[in-house]
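Novice:
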Amino acid sequence: MNDRQSGRRAELAAFLRAARARIRPEDVGLRGGGRRRTPGLRRQEVAELAAVSVDWYIRVEQGRVGAPGSAVLDAIGAALRLTPAEREYLHLTARGEAPPRRHVAAPVSASLRAVLDGMPLLPAYVVDHRLDVMAWNGAASALFGAGFGSGRADNTARLTFLDPESRRTQLTWEQFARETVGALRSASARHRDDRRLRAVVAELRAGSREFDLWWEDRTVRERSHGSKRIRHPVGGELSVCYDLLAATDGSDQRLVILTPADEATERAVRLLVADYSQGAVGGPNQVLRAARTA
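Position in the sequence shown (from 1) plus 312 gives the number in this note's numbering.
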């Protein structure tokens, strides 16, 4: 056993002991009566709650066992009432890899909506793992059109592959389209039972020859930033950078922010936003909506 493995086992043992000490018997439905030499649960109680051998669990807490399986770690984590962050730490410490993500459906939070409101000159929107558009600001409508976020434009993958206008206006269409396929391929591995995601992929495969071809090449991509050029009917050719900021609450929501890549684009976006704000009833941020929770 090398030093790294030894260090992991020691840290795992210390973490489990600390987590066990924080749990009261009554927290997990056990009677808390009787005298206990140390606070928290006994090792035997944790083993019983996790449905593992008492002797094996004792060896784990003594740093004398190799990396437990992922399912066993989840059972121990459930017994110890670990938070999502603690569960990830448990897996990283024991196995050196993060556990499978658990999706937690949630609406767009009020604070995230405030972030969108607070960026009146930067087109921004929120998508989920299916690339459904969940919320957006007036600058996004000014750039992509008043119909952005509704109809076929309620999903950026459908917009990219099934809207002929998108192909004409996205001057770097193939690059962005391939990234979109890779992002959906990555999401499909994390959310195998998501019927809505499967329906989106099926629709795209049936409606786009390119999507079907690129889906079959098994390219996987986690898009985080990039750049693209857009031909806007009023603003002309625009060069923008985009960044995706991921939520860490299990909702798989991502805030997509577009920033001008040059001064000419910045001037054009300012004019587009100003024109949209003057023409939009109720102001530029009227179109935020709640997330799908299906």
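Ideal Cβ positions, reconstructed from N, Cα and C, are used throughout, including at glycine.
Assuming contact is defined by CB atoms lying nearer than 8 Å, are V532 and K540 in contact in what I supplied?
Specialist: Residue numbering aside, residue 532 sits at position 220 when the sequence shown is read from its first letter. Residue numbering aside, residue 540 sits at position 228 when the sequence shown is read from its first letter. No.
Novice: With a 10 Å radius around its C-beta and 16 neighbouring C-beta atoms as the bar for buried, classify D564 as buried or exposed.
Specialist: Taking the sequence shown and counting its residues from 1, one reaches residue 564 at position 252. So D564 counts as buried.
Novice: Note the first and the last residue of the continuous beta strand (DSSP E) segment covering E477.
Specialist: Within the sequence shown, the letter at position 165 stands for residue 477. Looking at the DSSP string, E477 is not in any beta strand (DSSP E); the run it does join, the alpha helix (DSSP H), is 476 to 481.
Novice: For the beta strand (DSSP E) containing L434, name the first residue and the last one.
Specialist: Your numbering for residue 434 matches position 122 in the sequence shown. First-last for L434: undefined, no H or E at that position.
Novice: Kindly indicate which three-state DSSP category V445 falls into: helix, strand or coil?
Specialist: For this step, residue 445 is matched to residue 133 along the sequence shown. DSSP places V445 in strand when its eight states are reduced to three.
Novice: With a threshold of 8 Å between beta carbons, is D524 in contact with chain C?
Specialist: In the structure shown, chain C does not exist; there is a single protein chain.
Novice: If you check the beta carbons only, do Y588 and G381 fall under 8 Å apart?
Specialist: Mapped onto the sequence shown, residue 588 falls at position 276. Mapped onto the sequence shown, residue 381 falls at position 69. For Y588 and G381, no; Cβs fall outside 8 Å.
Novice: On the DSSP bridge list, what partners appear for H537?
Specialist: Along the sequence shown, one-based indexing puts residue 537 at 225. DSSP output for H537 lists D555 as bridge partner(s).
Novice: Going along the chain, which residues of its own chain have a beta-carbon closer than 7 Å to the beta-carbon of I335, five neighbours each way excluded?
Specialist: Residue numbering aside, residue 335 sits at position 23 when the sequence shown is read from its first letter. Closer than 7 Å at Cβ, skipping near neighbours: G352, L353, L392, R393.
Novice: Given this structure, state the Cα-to-Cα distance separating A454 from L584, to the nearest angstrom.
Specialist: Counting from 1 along the sequence shown, the entry for residue 454 is found at position 142. Counting from 1 along the sequence shown, the entry for residue 584 is found at position 272. Their Cα atoms are separated by approximately 6 Å.
Novice: Between D505 and V493, what straight-line distance do the alpha-carbon atoms span, to the nearest angstrom?
Specialist: Here residue 505 corresponds to residue number 193 of the sequence shown, with the count starting at 1. Here residue 493 corresponds to residue number 181 of the sequence shown, with the count starting at 1. If I take the Cα positions, the gap works out to 18 Å.
Novice: Sort out for me which residues DSSP pairs I607 with in a bridge.
Specialist: With the chain running from 313 to 606 in the structure shown, residue 607 is simply not present.
Novice: Report the residue from A447, L483, E357, A330 whose alpha carbon sits nearest the alpha carbon of Y437.
Specialist: Working through the sequence shown from its first residue, we reach residue 437 at position 125. Selected option, being the one with the closest Cα: A447.
Novice: Just tell me which of V358, G461, R543 has its CA closest to the CA of L483.
Specialist: Within the sequence shown, residue 483 is the residue found at index 171, counting from 1. It is R543 whose Cα lies nearest to the Cα of L483.
Novice: Going by C-alpha distance, which of E486, L424, E477, D444 is nearest A511?
Specialist: Start at 1 with the first residue of the sequence shown, and residue 511 comes out as number 199. The option with the nearest alpha carbon to A511 is D444.
Novice: Thinking R355 and Y369 are a contact (beta carbons under 8 Å), I'd like their distance in whole angstroms, please.
Specialist: As a position in the sequence shown, residue 355 is number 43, starting the count at 1. As a position in the sequence shown, residue 369 is number 57, starting the count at 1. So it is a contact: roughly 6 Å between Cβ atoms.
Novice: Take R490 as the anchor and find which of H503, R442, D524, E515 has the nearest alpha-carbon.
Specialist: Indexing the sequence shown from 1 puts residue 490 at position 178. The shortest Cα separation from R490 among H503, R442, D524, E515 belongs to D524.
Novice: How big is the Cα-Cα spacing for F327 and D339?
Specialist: Here the question's residue 327 lines up with position 15 in the sequence shown. Here the question's residue 339 lines up with position 27 in the sequence shown. About 19 Å.
Novice: Going by CA-CA distance only, name the one from L570, A379, A390 that's closest to E360.
Specialist: Numbered from its first residue, the sequence shown carries residue 360 at position 48. That would be A390, whose Cα lies nearest to the Cα of E360.
Novice: Please classify P596: does DSSP put it in a helix, a strand, or coil?
Specialist: Working through the sequence shown from its first residue, we reach residue 596 at position 284. Below a pLDDT of 50, predicted positions are generally treated as unreliable, and P596, at 37, falls in that range; the measurement from the model is reported next regardless. Of the three classes helix, strand and coil, the one that applies to P596 here is coil, per DSSP.
Novice: When DSSP labels each residue in this structure, what does L570 get in the three-state scheme?
Specialist: If you number the sequence shown from 1, residue 570 lands on position 258. Reduced to three states, the DSSP call for L570 is strand.
Novice: Candidates G591, S421, D561: which alpha carbon is nearest T395's?
Specialist: What you label residue 395 is simply residue 83 of the sequence shown in a count that begins at 1. With distances taken between Cα atoms, T395 lies closest to D561.
Novice: Could you give the residue range of the alpha helix (DSSP H) that holds L455?
Specialist: Along the sequence shown, one-based indexing puts residue 455 at 143. First-last of the alpha helix (DSSP H) with L455: 450 to 456.
Novice: Under 7 Å Cβ to Cβ from R343, same chain only, skipping five residues before and after it: list those, please.
Specialist: To locate residue 343, count along the sequence shown from 1; it is residue 31. So the qualifying residues of the chain are P337.
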